[in-house]
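In our numbering, the protein residues as written are 31 to 300.
Shown next as C-alpha cells:
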C-alpha cells in the first residue's frame, strides 16, 4: 500500500458478526466511517474542530463492493484517500485488505460539507482541502450511477428512529439506513447469498421519532445472482429518504458446511 493512503487496522469481534460468523455489512461501513474520521483527525480537521465552527460532513453516496467478508477474529486493514474536492463535495475512496494484504473489497463515497444549523451545503474552504493529500485515483471507476426507483414493491417493513440511532449531526446515522434496507429482505436471502455490492444515495435526513418505511423489489440480475432495489421513506413527513441497490452472490456450499461444523464445536465447548 502506498504512503499517501491513510490506513487503520481492525480485528473482527464476535459482536460484529452475523449468524455465519462473518463481519456484517454494517461492521464494514463502521470500519469505513472510523477510518475516514481518524484520517481527518490526523489531518488536523477532526470532528470536534469542524463542528465547533458550526460545519460538518454528511455522507451523500456510498458504493461498497466486497469480494468476501472477513470472519470472526480476522484482522483487516482499511486504507482511505481523498480523490478530489469539488465545490461542496469530497470524494473519498477505500480499500479493504486481509492480514495477508489480499484485497477483500473497495468502496467509493461522496460527502457534502454543510452548515450544521441551516443544513445548507457550503463551498469547501481551501484551508480545509489543503489539509489533505489528494490522490486522484478512483477505487471504483464510475462508481455513482443513477439508481432506479422502487415502482412495484414486493414487501415493506416499518422502523422508528430512536435515540440510539442519532449521531453528532442530530439525525439518524448513515449506517442505520443500511440496517433498515437489509433487514427488510427475507432470511433465506441472507442465509444463501452475501451482499457483494451495496449502492445507496442519501436524499433526506431521518430525525428522532420519524417512522420509516423500508420497501424493496427485485431488479435485473445475471445467473445465480440476486439484485434488489430499495427505497426508504418517512411516513409522517412524506419524504423519500434514500434509494439503494444491492447485488447478492450465492454462497459456496463448502462455506456453509464449515460454518455448521464450527457451530457444533461451540456446543461441545471445543
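Each residue gets a CB set at the ideal place from its N, CA and C atoms; glycine is no exception.
Spatial distance of residue i from residue j (CA atoms)
{"i": "residue 268", "j": "residue 126", "result": "37 Å"}
{"i": "residue 272", "j": "residue 137", "result": "18 Å"}
{"i": "residue 196", "j": "residue 237", "result": "8 Å"}
{"i": "residue 80", "j": "residue 226", "result": "34 Å"}
{"i": "residue 228", "j": "residue 212", "result": "10 Å"}
{"i": "residue 59", "j": "residue 205", "result": "7 Å"}
{"i": "residue 282", "j": "residue 121", "result": "34 Å"}
{"i": "residue 233", "j": "residue 270", "result": "7 Å"}
{"i": "residue 73", "j": "residue 88", "result": "18 Å"}
{"i": "residue 90", "j": "residue 166", "result": "19 Å"}
{"i": "residue 57", "j": "residue 46", "result": "6 Å"}
{"i": "residue 291", "j": "residue 222", "result": "For residue 291, the predicted structure reports a pLDDT of 45, less than 50, and the residue's modelled location is therefore unreliable. A value from the coordinates is still provided. Their Cα atoms are separated by approximately 17 Å."}
{"i": "residue 140", "j": "residue 280", "result": "29 Å"}
Sequence-distant residues of its chain with Cβ nearer than 7 Å to residue i (five each side left out)
{"i": "residue 69", "result": "36 and 110"}
{"i": "residue 41", "result": "103 and 105"}
{"i": "residue 161", "result": "73, 74 and 75"}
{"i": "residue 183", "result": "245, 246 and 247"}
Cβ-based burial, residue i [other Cβ within 10 Å; buried from 16]
{"i": "residue 54", "result": "buried"}
{"i": "residue 244", "result": "buried"}
{"i": "residue 263", "result": "buried"}
{"i": "residue 214", "result": "buried"}
{"i": "residue 188", "result": "exposed"}
{"i": "residue 129", "result": "exposed"}
{"i": "residue 65", "result": "buried"}
{"i": "residue 157", "result": "exposed"}
{"i": "residue 113", "result": "buried"}
{"i": "residue 49", "result": "exposed"}
Among the options, the one whose alpha carbon lies nearest that of residue i
{"i": "residue 135", "options": "94, 142 and 56", "result": "94"}
{"i": "residue 97", "options": "168, 133 and 198", "result": "133"}
{"i": "residue 277", "options": "261, 61, 256 and 266", "result": "256"}
{"i": "residue 115", "options": "63, 168 and 216", "result": "168"}
{"i": "residue 123", "options": "50, 49, 198 and 163", "result": "163"}
{"i": "residue 265", "options": "186, 173 and 174", "result": "186"}
{"i": "residue 83", "options": "231, 174 and 147", "result": "147"}
Residue i in three-state terms, based on DSSP
{"i": "residue 157", "result": "helix"}
{"i": "residue 194", "result": "helix"}
{"i": "residue 59", "result": "helix"}
{"i": "residue 70", "result": "helix"}
{"i": "residue 34", "result": "coil"}
{"i": "residue 230", "result": "strand"}
{"i": "residue 296", "result": "The predicted model places residue 296 with a pLDDT of 42, which falls under 50 and marks its position as unreliable, so this point remains unresolved."}
{"i": "residue 176", "result": "coil"}
{"i": "residue 89", "result": "strand"}
{"i": "residue 252", "result": "coil"}
{"i": "residue 164", "result": "strand"}
{"i": "residue 225", "result": "strand"}
{"i": "residue 116", "result": "strand"}
{"i": "residue 132", "result": "coil"}
{"i": "residue 46", "result": "helix"}
Residues near residue i by beta carbon distance below 8 Å, same chain, minus five either side
{"i": "residue 190", "result": "239, 240, 241 and 242"}
{"i": "residue 118", "result": "142, 143, 144, 151, 152, 153 and 154"}
{"i": "residue 67", "result": "76 and 77"}
Cβ neighbours of residue i in the same chain (closer than 6 Å, five flanking residues each side left out)
{"i": "residue 202", "result": "191, 195 and 236"}
{"i": "residue 259", "result": "178, 180, 247, 249 and 275"}
{"i": "residue 39", "result": "107"}
{"i": "residue 251", "result": "257"}
{"i": "residue 52", "result": "99 and 101"}
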